[in-house]
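The structure appears right after this line, and notes come after that.
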Amino acid sequence: MTCEEIRSLLSPYADGELDLVRNLEIERHLSECPACAGAVERTRSLSARLGDPALYRKPPAHLHRRVRVSLRQAGGARGRPVALPWGWLGVAAAAAALVAIVLWGALQSRPISSRDELLEREVVAAHVRSVMLPSHLLDKESSDQHTVKPWFIGKVDVVPEVKDLAPQGFPLSGGRLEYIDDRPAAALVYTRAKHVINVFIWRTAEKDRPPEFLNRQGYHLIRWTDKERMFWVISDLNEKELREFAELLQR
Amino acid sequence: MRDPRRERFDQAILPHLAAAYNLARWLTRNAHDAEDVVQEAYLRAYQFFDGFHGGDGRAWLLRIVRNTCYTWLEKNRPREPAVAFDETQHGTERNEAGPEAPLLAHEDREMLRRALEELPTEFRETIVLREMEGLSYKEIAAVSGIPVGTVMSRLARARERLQECLAAREREES
Chain A
3 MTCEEIRSLL SPYADGELDL VRNLEIERHL SECPACAGAV ERTRSLSARL
53 GDPALYRKPP AHLHRRVRVS LRQAGGARGR PVALPWGWLG VAAAAAALVA
103 IVLWGALQSR PISSRDELLE REVVAAHVRS VMLPSHLLDK ESSDQHTVKP
153 WFIGKVDVVP EVKDLAPQGF PLSGGRLEYI DDRPAAALVY TRAKHVINVF
203 IWRTAEKDRP PEFLNRQGYH LIRWTDKERM FWVISDLNEK ELREFAELLQ
253 R
Chain B
8 MRDPRRERFD QAILPHLAAA YNLARWLTRN AHDAEDVVQE AYLRAYQFFD
58 GFHGGDGRAW LLRIVRNTCY TWLEKNRPRE PAVAFDETQH GTERNEAGPE
108 APLLAHEDRE MLRRALEELP TEFRETIVLR EMEGLSYKEI AAVSGIPVGT
158 VMSRLARARE RLQECLAARE REES
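As you go down the protein sequences, you meet chains A and B in turn. Numbering of the first sequence is given in the working numbering, commencing with residue 3 and proceeding in unit increments. Numbering of the second sequence is given in the working numbering, commencing with residue 8 and proceeding in unit increments.
Given below as structure tokens:
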């Protein structure tokens, strides 16, 4: 075989993708031709460089959660896959939400304040997910407010004020990036006597709303809107102490 | 109550999120866009999960990711910027004294990253699937929807371009 003929086969040869017969022919040629042997060596060396693990882009920590949340929403209220319109992300999510509203409305048989109640369910789901596995609770583990707050920069629209409430008996555990209402939200994790308290904060265009206490699926929730930030506090902690906690946040 | 279909999907397909992200990141060349594409690809994968009959979940998912990337690129970047590759350099000029294969320093890696990003998208796709995912030519053909012969020629040409691009940069810097 001539060098020209060999050259076009060197790439698949280097990859071990040629049949035995051609492999042997090429090896015979390479043993006598330093130029072609050099070309194979260069291909292998380039492959080695391309295999550098630093070139393999790793996904951000929250992507896994974001995908799981998105799959759950697509599953519909009963967990069955729903036919989605072939729009881009926003349309797909809106369609899934619409289906969830309609199905849920049928189950409830009363008029829905759809948006609020959908949000409540999402907040509960986010809280439950976070406490089910210890590894899922925190993206940034730290009891220092000055470490947790900057971690959110660039990840959420409004970087939350993170308060140190350890003196009052509510130590900070850390922060996490959540996805609620189809957008990134900051999750601050506090504890009180083994009860996890999640505080979800995200930017909203809605006007201010005073605190409202809710009981949902065995959890206590307190929500309010203040200066274009939506706050949701959720825990299985008792009502009295949770209200106390919420008041401390609002000061 | 856990949906068994979702359980099977989570076990077979969710573990390949890293591969999905890496491919999307190299094809879209943007971390934010790659995230969006991965989310969309997973939604489609779940929708089409009945068509997955066991076997290599990663290759099955990467096919969907790859297609989602191209759809996304068409929609969001209808005209790919012209590749900064000087055609007059192509052909007879070869740098016979090629680079050794050292442990990669940061600058070396950066040079390689830039060279990769300058490749035409299809070439970059084939390089990523071969060199980073270790897929065989047959698997690459299935993921990319092209014949094996095209995989072979794309890889050879992509490697040629990368080597020439790197050699040109090295000349510039010396």
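Where a beta carbon is used, it is the ideal one built from N, C-alpha and C, also for glycine.
{"Asked": "How about E230(A) and R253(A): are their beta carbons less than 8 Å apart?", "Found": "no"}
{"Asked": "So, helix, strand or coil for G176(A), using DSSP?", "Found": "strand"}
{"Asked": "What are the residues that DSSP puts in a beta bridge with A149(B)?", "Found": "None, per the DSSP bridge assignment."}
{"Asked": "Which residues, taken in chain order from the segment 32-55 of chain B, show a beta carbon closer than 8 Å to some beta carbon of chain A?", "Found": "R32, W33, A38, A41, E42, D43, V45, Q46, E47, Y49, L50, Y53, Q54"}
{"Asked": "Classify G177(A): buried if its beta carbon has 16 or more other beta carbons within 10 angstroms, exposed otherwise.", "Found": "buried"}
{"Asked": "Can V133(A) be considered in contact with the ligand MG, in the sense that its beta carbon sits closer than 7 Å to one or more heavy atoms?", "Found": "This structure simply doesn't include the ligand MG, nor any ligand for that matter."}
{"Asked": "Report the rounded CA-to-CA distance for L256(A) versus R168(B), giving the unit in angstroms.", "Found": "Any question about residue 256(A) goes unanswered here, given that chain A covers just 3 to 253."}
{"Asked": "In or out: L110(B) buried (at least 16 other Cβ within 10 Å) or exposed?", "Found": "In this prediction, L110(B) has a pLDDT of 49, which is less than 50 and means its spatial position is unreliable; nothing more can be read from the coordinates."}
{"Asked": "By the 7 Å beta-carbon criterion, what residues does the segment 121-136 of chain B contribute toward chain A?", "Found": "I134"}
{"Asked": "Hey, F215(A) and R245(A) are a contact pair by Cβ (cut 8 Å); roughly how many whole angstroms apart?", "Found": "7 Å"}
{"Asked": "Is the shortest distance between the beta-carbon of A76(A) and the beta-carbons of chain D less than 8 Å?", "Found": "Going by chain labels, chain D is absent from the structure shown, which instead holds the protein chains A and B."}
{"Asked": "Would Y58(A) count as contacting chain B if we go by Cβ distances under 8 Å?", "Found": "yes"}
{"Asked": "Within 8 Å of any Cβ in chain B, is that where the Cβ of H257(A) sits?", "Found": "There is simply no residue 257(A) to check, as chain A begins at 3 and stops at 253 in what is shown."}
{"Asked": "So which residues of chain A does N29(B) contact, with C-beta pairs closer than 7 Å?", "Found": "Y58, R59"}
{"Asked": "Would you verify that the beta carbon of Y77(B) is, or is not, closer than 8 Å to some beta carbon of chain A?", "Found": "no"}
{"Asked": "At the 8 Å Cβ level, is E117(B) part of the contact set with chain A, yes or no?", "Found": "no"}
{"Asked": "Give a yes or no on whether 8 Å exceeds the smallest Cβ distance from L169(B) to chain A.", "Found": "yes"}
{"Asked": "Compare the C-beta of T45(A) against all C-beta atoms of chain B and say whether one is closer than 8 Å.", "Found": "yes"}
{"Asked": "T133(B): buried (16+ other C-beta within 10 angstroms of its C-beta) or exposed?", "Found": "buried"}
{"Asked": "Using a C-beta to C-beta distance shorter than 8 Å, which residues of chain B count as neighbours of D1(A)?", "Found": "Outside the displayed span of chain A (3 to 253) sits residue 1(A), for which this structure offers no information."}
{"Asked": "Using a Cβ-Cβ distance cut-off of 8 Å, determine whether H138(A) contacts chain B.", "Found": "no"}
{"Asked": "Taking a contact to mean a Cβ-Cβ separation below 8 Å, would you say L190(A) touches V198(A) in this structure?", "Found": "no"}
{"Asked": "Return the CA-CA distance between I155(A) and V161(A), expressed in angstroms with no decimal places.", "Found": "6 Å"}
{"Asked": "Take R9(A) as the anchor and find which of E19(A), V42(A), D21(A) has the nearest alpha-carbon.", "Found": "V42(A)"}
{"Asked": "Name the chain A residues whose beta carbon is nearer than 7 Å to that of L162(B)?", "Found": "S13"}
{"Asked": "Does the beta carbon of H66(A) sit closer than 8 Å to a beta carbon anywhere in chain B?", "Found": "yes"}
{"Asked": "Is the CB-CB distance between L173(B) and A112(B) below 8 Å?", "Found": "no"}
{"Asked": "Leaving out the 5 sequence neighbours to the left and right, which residues in its chain are closer than 8 Å to L80(B) when beta-carbon positions are compared?", "Found": "L34, T35, E87, T128"}
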